[in-house]
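In the UniProt record's numbering, the protein residues as written are 1 to 362. Backbone N, C-alpha and C define an ideal beta-carbon position, used for all residues, glycine too. Input: a single structure, listed below in structure tokens.
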């Protein structure tokens with residue numbers, strides 16, 4: 001039977017979120033109901049609340065989550081009730097042109113649950129990134145559930161569901177960082193610091209973290225940065241070149257999503273180097289007027305990274321294993337553990353840069 005549970009809802013643009021009763025239907029074919037244990041507070045949730053994604057209010061917020069599968073619908077074989085899972089927003093279809101070419105991480109037809117969760121009056125909810133996990137329970141497509149080590153801390157591994165995976169994947173999957181490489185990361189919020197951690201995992205010899213906030217630079221050092229650049233005081237391009245024997249970094253990861261920082265990334269890379277854009281720009285932003293001869297003359301690659309080009313079924317279990325081995329400090333991303341009533345306050349802390357991640361414990 002459908003269940004009524006507590007959840008965090010954004011009813012209108014810019015309005016404070018509210019904790020309300022919602023109705024979660026029984027899972028249909030290919031679907032699963034997950035009892036959520038922890039869910040990180042991500043900038044994307046704030047973008048939803050502010051109408052920056054679309055205007056399909058009311059939104060059921062939350063998407064960086066881990067929990068236990070409670071029930072599954074017809075035809076589900078990849079997970080079963082009792083499995084501990086991390087949720088993802090890219091359930092691959094297995095049949096599009098990318099999947100048929102053996103590149104499911106680029107699936108062009110990812111999907112979510114068919115049924116809708118609702119308010120108690122029947123109003124349909126739009127779940128953030130097809131998940132909606134600031135809730136005691138949520139309904140997702142079974143392909144959005146990735147089974148991982150049940151001994152892992154839900155608050156830590158749930159963050160792989162979005163920001164941490166985006167950053168680590170930008171370094172390893174998109175940027176192709178390898179042993180001995182030099183890497184610069186511009187912007188050290190949650191995604192940027194995760195890119196620092198990813199570069200460290202990949203064996204980069206020099207990892208340069210760039211930000212305006214000294215607190216974030218200290219966090220970057222704790223997670224593997226060998227050098228830091230305070231962009232409020234130093235010329236970013238010149239400093240990165242100085243730190244790389246005048247050449248520039250092999251891989252530069254832009255984790256801000258602004259034209260000026262993308263331009264810094266372009267000129268801070270070595271010849272034949274790689275620029276990775278993982279910071280999310282607003283729709284009105286455009287690539288700076290970089291002379292085409294500079295694009296031609298410097299060679300290399302200019303890439304964007306969407307969800308770290310990850311394949312959850314491949315990457316989540318591997319990263320959770322590294323976490324359990326003590327080789328990836330996911331605990332460092334968890335600044336505080338809060339209740340479901342504290343999401344609005346967590347948005348304020350995030351906006352001020354006071355936290356890497358507040359995590360709602362349910």
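- [ ] Check each candidate in 215, 50, 339, 274 and name the one with the smallest Cα separation from residue 173.
- [x] Within the chain shown, numbered from 1, the residue matching residue 173 stands at position 173. Minimum Cα distance to residue 173 is reached at 274.
Task: residue 15, buried or exposed, once every other Cβ within 10 Å from all chains shown has been counted against 16 - done: Here the question's residue 15 lines up with position 15 in the chain shown. Exposed, since its Cβ has fewer than 16 Cβ neighbours within 10 Å.
Task: Endpoints, beta strand (DSSP E) assigned at residue 185 - done: Within the chain shown, numbered from 1, the residue matching residue 185 stands at position 185. Element bounds for residue 185: 182-186.
TODO: Pull up the DSSP beta-bridge partners for residue 338, would you.
DONE: Position 338 of the chain shown, counting from 1, holds the residue named residue 338. Residue 338 pairs with 360.
Open item on the list: Buried or exposed, going by whether 16 or more other CB atoms sit within 10 Å of the CB of residue 209?
Closed with: Within the chain shown, numbered from 1, the residue matching residue 209 stands at position 209. The residue is buried, with at least 16 neighbouring Cβ atoms inside 10 Å.
TODO: Spatial neighbours of residue 75 within its chain, please: CB distance less than 8 angstroms, with the 5 preceding and 5 following residues excluded, ordered by chain position.
DONE: Locating residue 75 in the chain shown gives position 75, where the first residue counts as 1. For residue 75, where only same-chain residues beyond five positions count, the Cβ hits under 8 angstroms are 29, 30.
- [ ] Please determine if the stretch 334-341 and the stretch 140-159 are in contact, where contact requires at least 3 C-beta pairs separated by less than 8 angstroms.
- [x] yes
TODO: With DSSP collapsed to three states, give me the class of residue 330.
DONE: Sequence index remark: in the chain shown, residue 330 carries index 330 (1-based). Residue state, collapsed to three classes: helix.
Task: alpha helix (DSSP H) runs contained entirely in the stretch 165-225, provided each spans 4 or more residues - done: 190-201, 214-222
- [ ] Give the single residue among 292, 244, 289 whose Cα lies nearest to the Cα of residue 270.
- [x] Position 270 of the chain shown, counting from 1, holds the residue named residue 270. Checking every option, the nearest Cα to that of residue 270 belongs to 244.
Open item on the list: Under DSSP, the beta strand (DSSP E) around residue 84 begins and ends at which residues?
Closed with: Here residue 84 refers to the residue found at position 84 when the chain shown is read from its first residue. Here the beta strand (DSSP E) through residue 84 covers 84-87.
- [ ] Report the three-state DSSP secondary structure of residue 313 (helix, strand or coil).
- [x] As a first step, residue 313 is located in the chain shown; it is residue number 313 there, counting from the start. DSSP places residue 313 in helix when its eight states are reduced to three.
Open item on the list: Taking the straight line between their C-alpha atoms, what separation do you get for residue 20 and residue 202?
Closed with: For the purposes of this step, residue 20 is taken as the residue at position 20 of the chain shown. For the purposes of this step, residue 202 is taken as the residue at position 202 of the chain shown. Roughly 43 angstroms separates the two Cα atoms.
Task: Cβ-based burial, residue 325 [other Cβ within 10 Å; buried from 16] - done: Here residue 325 refers to the residue found at position 325 when the chain shown is read from its first residue. Classification of residue 325: exposed, given that the 10 Å Cβ count is below 16.
TODO: Determine the extent of the beta strand (DSSP E) in which residue 45 is found, giving its start and end residues.
DONE: Numbered from 1 along the chain shown, position 45 holds the residue referred to as residue 45. Segment 43-49 is the alpha helix (DSSP H) holding residue 45; no beta strand (DSSP E) there.
Task: Terminal residues of the beta strand (DSSP E) in which residue 352 lies - done: Within the chain shown, the letter at position 352 stands for residue 352. Note, residue 352: premise wrong, no beta strand (DSSP E); alpha helix (DSSP H) at 343-352.
Open item on the list: Give me the residue from 136, 121, 160, 233 with the minimum Cα distance to residue 340.
Closed with: On the chain shown, position 340 is the one that residue 340 refers to. Ranking 136, 121, 160, 233 by Cα distance to residue 340 puts 136 first.
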